[in-house]
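Under the UniProt record's numbering, the first residue of the sequence shown carries the number 1, and numbering increases by one thereafter.
Note that the Cβ used here is the ideal one computed from N, Cα and C, for glycine as well.
Keep in mind it's a predicted model, so treat the numbers as computed, not measured.
Everything on this sheet refers to the single structure shown next.
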Amino acid sequence: MIKAWGQHVEFDKLQVQFHTPNEEEVDFACEFVETFIYPELELLNEKCSKMSNEERLRSLTLVHYMAIGCLRMVPRIDSKEIENLVPSVAPYGSKYQAQYSIYAKEPKFKENLRMRLLIDIGKLIDILAENYSDDASSMKTALKIYSLSSIYYGVFKHDADKLHKHFEAAKNSFINKLYGERQYPRFLMIERITLQCERFSLTNFQSLTEIDKQVILKLFELSINRYGEVRKKKFSVNYLFTNRYIFSSSKVRRDAQGYLFSVLNRYLFSYQVIVDRIIELLNSPGEADHDQIKGCLYILLGNHSFFLPTKHSWSMIEKLWPAMARTTHAKKLTTQRLLDHINETIGKQFDTQALIEDTNDISRKAAIDLWKPIEENELEARNILRQQRNEENVKSYINLMETLNSLLRGDSLTWRQQETTMSLMWLLLQKRVPIPSSCIRTFVDFLVHDNVELRKIAEEGIAAFCRMQKPPRIYIEKTIDEILQRPVNVDQCRPGDRDDNLWITINDYKPPKTQKEWEETCFLDKSFHGYYKWPKIIKYPINKRERYTKENMPQDVAILYERFIDKNFINKFTQFMVLDEEKGKISFDARRFNMFKGLFRNYGLALVDNFIERLYVLIHEKTKEKQEGSHRVAAEIVAGMIRGSKYWTIEMLDELWKKLIPFLDEVCLNLGPETLSYWASCFKLGIEDEDPRRMYRPIEYLRSLINTHATGNTFLETSRWYLLQTVTNFEWRVPAIWCFINEQAKELLDHPYKAIRERIAIVLALSLTFDVTLPNGQSTRHPDANKFIDMISERLQQAIEVYEKTPLANVSGQVVEIDPEARKALNFIETVIQLHTHLFSKCLQPIKSAIIRIFPYLCELESIVANDDFIRKNLIVSRMCVAMSYLHKPFMEALIEQLEQACSSPKWHARRAAIEFVQNMIFCNLFNARPYAQRLRQLVFKCLFDEQFEVRTVASVSLSGFYQCGYIQINNDDLKYFRAMSKTSYFTKVDGKKVTSVENIVKRHGGVLGLCAIVLSSPYDIPKYVPEALMLLCEHSHDPDLIQKSIKKALSEFRRTHQDSWHEHREKFTEDQLVILADVLISPSYYA
């Protein structure tokens, strides 16, 4: 068995052996069941009323488990099958069990136990419901037995599902993606066969019979009724006692509902048995039994496996949905919550069902190949049936829509019911069958309804109508050779910038002057086209689309047109939209954007004038509470205009932008912190996923924003740059724009206003995003990141020199003068730090050779920003971004050279920053930095004996990290070296006098720090070098304060990290070492 562990087997050689129960085993099982089940059934029939709850439950439990064990052997009850639940040419279920033998002989009982259980347990349930409804446990067990008699044939669905989950989990653990073929062990194959057999058993007997129908009806009544014992109690007798019965009653109903759902899941279309009863209860006038209504609603709510309201039956939905919408029993809070939950579930689960069912030739051929040729009479019967079903579906759909619409138009519904009804109507919208005109009018009218929720649903409805009514696009197919009118070798295309993809960028693009040129231009909206290579055939729509005019406008289209051409309606509609959201919860609404996009796409310029007039009113709103909402609505309308006009003619677009540009200029003068994001969303949604050549007008407008002279208003200037960022939607296809942005922005790196500088840093990082190095490819059209950063490095060096030479502030008397050149230099430094950080979050390939070359300056800046916490933290983050990046070999080698240069800087701040960076860089590049371990070891050792205390301390931490992660191994040579250096005498004689030598103290301190690094490199164990290093540190109890502090810190950390496991770690020390260590650790001068 051990040798075969994990070995796979071939499926054809599995040789499964099934156990078939022999005759003796079958006879014994039948005798066993009859011996024990009949006495319990007789006891329950004759003495039920005399039995205690515990005795009754005991008998039912015995019957329950015997039923589970034997019902696999008991055939289905012979009963008439219910026909015409759904009209069908072929039968949709079989009343015969799968034809395979599982017993050596047919089991024989005195009678069909299923029928006996249905009769006896059915009577018992009636008695319990009427007289013993407090015995919830017995009732639950009885309901289990009753439902098992109908649906159980040896396998529970939840058991099969559990087995399936276990099988999938086990199978995934054996998948070998590298090998590519299925290789599973034997036990997994056996489990799969078992699962298949169980699934096969679950699909037997899916057609409904009269007996099953009676079971469903009985479970339904139990699911909605309160029981006799509860009704007999009076609340005035004993409140607690009565509530116990109420609880039992509701629990029984829930149990009955669960078993009802199991039966309904078992039999195809069986839900139709209870639909009429549910509709009758929902439509019942006056004060109906509240518990019945609640039970009915819980049945509609269903569970995770059964949900009635979305079943695929238009005739059922036609009756059920209006009944739910208009029921008069939704007054109580509990029933209203249930209805809300049902409506929410409908919204999540409802898929638009086929109104016109059809089967294409491919599907018919596949069916014939899979099964057998279809006879002509079958095809004719099928066509007749399909035609009848389609006509009935369409009729039901139209009736349903008109019924829901008449309910909305009437006065009988509450606002909550109106919301439910309208949401149901919105879910039913589709384009295979014309929507009734009355429904379209309702959606339009409700755009100005007093109820905000109804207005929102109406907006979604109008967006859907516009989408259904849009004229079709005309697609053509061409090769890239035909488009460019020259041959292109597609197979040899390399990624990035090429001659054959220049035409799809905005570079050198000349807008067409005639409508014919405009329509013939090949626009490709998705940005992936042409970057890597071209498809063999390019399918794209011609830049032309039919638009509705008054002369050719269908009635359903005219309804929308007539309302939106009305100025008063637009004014009222936009006023409501302004007030729709509460302050603090206002956000750009993509739903409204889609609505306006559809309106302008379908109706063209006809609506523009009225909306433009209203837009000016919105952006000049004087009421403070309405200003934010007004700008939001205006931005949604303008975004819809820009996006909806993509297929307009040149003349129409020219006329639109003649009106839009002055308006947008006005917007830019009235922007505020609360409204800026709306206009950014406006441009983003207006131009995203579009060909930049098609959108050259909005691109040109955005570019013009930074061409204008400074207004003196910092926020407005920042806002313009913020809006310009939306061109990132075009990605690599607007290189000329990125070059222009880069040229303009780099002149503002030292701008006096911080907000502008912060925005410039982000925009510059974005402009360098698409300068990428590709395998066998190139990026030549975008700003060159290396050249740009090298230019920044030169200016940064000059700024550092200016700042160090000139003090930022001169104090003469009581007047503080800020030096403008120093201030300008500091502004530039701060912006460069932010730009460097943003490069790593915005760029696709942030690590460039120029990034490595600028690194020493990032270390030098440490001394300049030491007194400004905000800039200093940004500087640390900017260096950390480099450390956390994956560094290829050329970059790693160049960066180590820069680190060596920085560690030789005369500024100790730069040396400390560089050696601190080394540790983080190695941790993030541990594997590709292995070849440089010796160089970095020398660098750390050099800094360990630096003249500056802070540099030495950080070098010790870095060395400890290297030891701990195994980048550098602790060896005997290191220990000897640190021992020798730590014993350096720090006294020397000058003119015969004994004085302290600073140089020797540095050497001695460096040796001690090396020993500390060895000790701290092992926080969880005690390697062989640690005890000796600790003993050496203990010898320095009388050293100068500088050294003592480092030793105290190291010993304190050692004590903290080892105290939990000290009983194990102490065994690595000798007795003498433990005595010395205890003296030092307990000593008041060393105790942490």
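With contacts defined as CB atoms closer than 8 Å, Ser-779 and Asp-771 qualify as a contacting pair.
Pro-735 counts as buried, since at least 16 other C-beta atoms from the protein chains shown sit within 10 angstroms of its C-beta.
Nearest to Val-215 by alpha-carbon distance, out of His-166, Ala-142, Leu-615 and Lys-907, is Ala-142. Inter-residue distance for Leu-826 and Gln-515 is about 54 Å (C-alpha atoms, whole angstroms). Between Leu-899 and Arg-879, the C-beta spacing is not below 8 Å. Judged by their CB atoms, Leu-301 and Thr-328 are not nearer to each other than the 8 Å cut-off.
Rounded to the nearest angstrom, the gap between the Cα atoms of Ser-88 and Glu-221 is 30 Å.
Residue pairing for Lys-478: DSSP places it in a beta bridge opposite Ile-538. No residue range can be given for Leu-768, since it is assigned to no alpha helix (DSSP H) and is classified by DSSP as neither H nor E. Shown here for Asn-874: same chain residues with a beta carbon closer than 7 Å to its own, the five before and five after excluded, namely Ile-833, Gln-834 and Thr-837 in chain order.
Separation of Ala-1013 and Met-884 (C-alpha to C-alpha, rounded to the nearest whole angstrom) is 23 Å. Every beta strand (DSSP E) stretch that sits fully inside the region 442–513 and reaches 3 residues is listed by chain position as 475–478.
Secondary structure of Val-772 (DSSP, three-state): coil.
The residues Ile-82, Ser-270 and Val-273, in chain order, have a CB closer than 8 Å to that of Lys-213 in the same chain once the five nearest residues on each side in sequence are set aside. CA-to-CA, the gap between His-1063 and His-1038 works out to about 30 Å.
Taking all protein chains in view, the Cβ of Ser-1018 is crowded by 16 or more other Cβ atoms within 10 Å, so the residue is classified as buried.
Annotation: the region 119–187 contains no complete segment of the beta strand (DSSP E) (minimum length 3 residues). Between Met-981 and Arg-952, the C-beta gap is not smaller than 8 Å, which leaves the two residues out of contact.
Nearest Cα to Tyr-397 within the set His-312, Lys-157 and Arg-364: His-312.
Ala-902 is classed as buried because its beta carbon has at least 16 other beta carbons within 10 Å across all chains shown.
Lys-395 and Phe-564 have their alpha carbons spaced roughly 31 Å apart. Glu-625 carries a helical assignment under DSSP once its states are collapsed to helix, strand and coil. The beta carbon of Gln-948 sits closer than 6 Å to those of Trp-908, all from its chain and outside the five residues before and after it, given in chain order.
Met-115 is positioned such that its CB atom lies closer than 8 Å to that of Ile-77. Here DSSP, grouped into helix, strand and coil, assigns Gln-778 to strand. Taking the Cα of Tyr-509 as reference, the smallest distance to any Cα among Glu-821, Arg-693 and Lys-431 is reached at Arg-693. Within a 10 Å sphere around the beta-carbon of His-19 sit fewer than 16 other beta-carbons, which makes this residue exposed.
Taking the CA atoms as reference points, Asp-499 sits about 31 Å from Leu-723. Taking 8 Å as the cut-off, the Cβ atoms of Ile-699 and Ile-506 count as close. Leu-404 sits away from Ala-464, with the two beta carbons spaced by 8 Å or more. The criterion of a C-beta distance shorter than 8 Å is satisfied by Leu-671 and Ser-719. Judged by DSSP in its simplified three-state form, Thr-61 adopts helix. Residue state for Thr-414 is assigned as coil, using DSSP reduced to three classes.
In the structure shown, Glu-81 adopts extended strand secondary structure according to DSSP, grouped into three states. Asn-172 and Pro-1027 have their alpha carbons spaced roughly 48 Å apart.
Across the structure, Ala-558 and Ser-423 are spaced so that their CA atoms are roughly 24 Å apart.
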